[in-house]
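Each residue of the sequence shown is one higher than the one before, starting from 4 at the first, in this note's numbering.
Beta carbons are placed, not taken as given, at the ideal position from N, Cα and C, and that holds for glycine.
Since this is a predicted model, take the numbers as computed values, not measurements.
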Amino acid sequence: MLDFLYTAVSWVLLRWHSLFSAIGIDEDSGLNWSLSIVFLVITARLLLFRVFIKQVHYQRRMQEMQPKLTEIRNKYKNDKAEQQRQMMKFQQEEGFNPITGCLPMFLQFPIFIALFHVLRHLSNSVVQAQQYRAYEAGKLTLTPAQLESLNHQLSLYSFTPSETASAALAKLFGAPLAGSLHDSAAHILLLGGDVASTRTVTLILVLISASATFYTQVLVRRAATVTPEGTAATVQKLMFVGIPISVLFSGFFFPLGVCLYWFTSNTWTMAQQLYINKFHPHNKPGEVEVVGAVGKTLAPKPGAKPQRRANVDLSKDAPTAGETAGDAAASPNGTAADSTPGAAPKPGARPNRSGTSKPANRPNNRPSQSKKRR
4 MLDFLYTAVS WVLLRWHSLF SAIGIDEDSG LNWSLSIVFL VITARLLLFR VFIKQVHYQR
64 RMQEMQPKLT EIRNKYKNDK AEQQRQMMKF QQEEGFNPIT GCLPMFLQFP IFIALFHVLR
124 HLSNSVVQAQ QYRAYEAGKL TLTPAQLESL NHQLSLYSFT PSETASAALA KLFGAPLAGS
184 LHDSAAHILL LGGDVASTRT VTLILVLISA SATFYTQVLV RRAATVTPEG TAATVQKLMF
244 VGIPISVLFS GFFFPLGVCL YWFTSNTWTM AQQLYINKFH PHNKPGEVEV VGAVGKTLAP
304 KPGAKPQRRA NVDLSKDAPT AGETAGDAAA SPNGTAADST PGAAPKPGAR PNRSGTSKPA
364 NRPNNRPSQS KKRR
């Protein structure tokens, strides 16, 4: 059912193997296959880097939402259905999707399963690989039917029989990539490896992987600005200790190639967390509150039009109280006269087009209409 995934992982692994062979590294050496596994991990993690950033934002949002979620749990502790409904409502209002935080793990897990399946198949193909190498060297004679059966057993997804034999017999510092810590000495010798070297190299990789995982958890806790409460605090404590222990325990059963994958992946995760803590630190709650207070002070009230103030000093042009009173006294009708030509009239007043005020007592020398008729 997952053959397409096994084929894809095998194809990427073989492309790196071909690249390292092209630059001069022996195609049958354990160094070539080890580097291929390491760069397979790097390829996958680079593709998932943006997803990792989203996971970091998810974790930070989760920490910020914990006080409100705890309040909802306490408020509806006797009504679980309403509690779940209110929590989902709150998450929707905040635009929070819990699946986002699990996405990187879900995407990495198939790659890990595929690589584990491929390496396990290589471990089970050691005897056939030795027979194939003996046949290629002319030390073993096979009938056409036996050769066809051997080729079928060594055909692994994107691997050719020769590539399968090369990977199955590859060793890193004398430790076969298909061997593991729980293998017996006889099985390690059957794989063509050294017992002491196999256990030493595998144990070192497992210890480094567990240490990198533990330190990553330390970095995550340092970056947290909100102290988890309730269930979240319990889960964090379990993860802080449980994940490194699980890596340490599982390393005793995984092949060396899988431990190398685990070592590279955990070291990469630790480096990513260091990068996030240094270049994308989490804002402290106090800093957010200060910025919000300034924004509320400067922002207009709801529905009000923002006012743009010009940088003009109006105090120089504004009339004083004495000037206003003097103008009112000089005016015949008790109002301030407009001494400036072209000044705007008051509401309801007739515009003064001449630019000067009309005399108060102007003699009427024009004859009336009745005199004209006479």
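Use the C-beta contact count for residue i: other C-beta atoms within 10 angstroms, 16 or more gives buried, fewer gives exposed.
| i | result |
| --- | --- |
| F282 | exposed |
| A148 | exposed |
| H185 | exposed |
| A296 | Confidence at A296 is low in this model, with a pLDDT of 38, below 50, so the placement of that residue should be treated as unreliable; the coordinate-derived value is given next. Under this definition A296 is an exposed residue. |
| W36 | buried |
| V121 | buried |
| W19 | buried |
| F252 | exposed |
| N269 | buried |
| V315 | Residue confidence for V315 is low, a pLDDT of 45 falling below 50, so the modelled location carries little weight and cannot support an answer. |
| T323 | The predicted model places T323 with a pLDDT of 48, which falls under 50 and marks its position as unreliable; any figure quoted below should be read in that light. Counting Cβ neighbours within 10 Å, T323 comes out exposed, since fewer than 16 surround it. |
| V59 | buried |
| G27 | exposed |
| K361 | With a pLDDT of 49 at K361, under the threshold of 50, the modelled position of this residue cannot be trusted, and the question is left open. |
| Y135 | buried |
| L5 | exposed |
| F256 | exposed |
| Y9 | buried |
| T416 | The requested residue 416 does not occur in the structure, where the chain is confined to residues 4 to 377. |
| A181 | buried |
| D320 | For D320, the predicted structure reports a pLDDT of 47, less than 50, and the residue's modelled location is therefore unreliable. The matter cannot be settled from this model. |
CA-CA distance, residue i and residue j?
| i | j | result |
| --- | --- | --- |
| I40 | S187 | 25 angstroms |
| A168 | W271 | 30 angstroms |
| A415 | F42 | Absent from the structure is residue 415, since the part of the chain shown begins at 4 and ends at 377. |
| H155 | F7 | 18 angstroms |
| M68 | Q276 | 22 angstroms |
| S158 | D29 | 21 angstroms |
| V44 | R64 | 28 angstroms |
| T219 | A173 | 31 angstroms |
| W265 | S165 | 26 angstroms |
| A189 | V129 | 13 angstroms |
| I56 | P284 | 12 angstroms |
| I114 | L192 | 29 angstroms |
| N77 | L222 | 30 angstroms |
| L145 | L153 | 9 angstroms |
| S2 | R88 | Because residue 2 is not part of the residues shown, which for the chain are 4 to 377, the question remains open. |
| D197 | F109 | 36 angstroms |
| P247 | Q66 | 22 angstroms |
| M90 | Q62 | 17 angstroms |
| E85 | M242 | 29 angstroms |
| L22 | T46 | 14 angstroms |
| V15 | E96 | 42 angstroms |
| A274 | G245 | 21 angstroms |
| D82 | T237 | 22 angstroms |
For the alpha helix (DSSP H) that contains residue i, what are its first and last residues?
| i | result |
| --- | --- |
| H433 | Any property of residue 433 remains undetermined from this structure, which presents the chain solely from 4 to 377. |
| G27 | Where G27 is concerned, there is no enclosing alpha helix (DSSP H), given that its DSSP letter is neither H nor E. |
| S165 | 164-171 |
| L380 | Only positions 4 to 377 of the chain appear in the structure, and residue 380 is not among them; the question remains open. |
| G141 | Careful: G141 lies outside any alpha helix (DSSP H) and carries neither H nor E. |
| P284 | Taken as a continuous stretch (DSSP letters only), P284 belongs to no alpha helix (DSSP H), as it is neither H nor E. |
| E97 | Here E97 belongs to no alpha helix (DSSP H), and DSSP marks it neither H nor E. |
| N154 | 147-157 |
For the ligand GTP, any of its heavy atoms closer than 7 angstroms to the Cβ of residue i?
| i | result |
| --- | --- |
| V121 | The model on display carries no ligand, and the ligand GTP is accordingly not part of it. |
Rounded C-beta distance between residue i and residue j? I'm assuming under 8 angstroms.
| i | j | result |
| --- | --- | --- |
| L118 | V12 | 6 angstroms |
| L51 | Q111 | 7 angstroms |
| L49 | S161 | Contact flag wrong, Cβ pair sits at about 21 angstroms. |
| G254 | S212 | 6 angstroms |
| S183 | T205 | 7 angstroms |
| R224 | N280 | The Cβ separation is near 11 angstroms, so there is no contact. |
Quick check: the region 68-80 against the region 127-140, are there 3 or more CB pairs under 8 angstroms? no
Three or more C-beta pairs under 8 angstroms: does that hold for the region 175-185 against the region 200-211? yes
At least 3 beta-carbon pairs within less than 8 angstroms: the region 249-269 vs the region 115-127: yes
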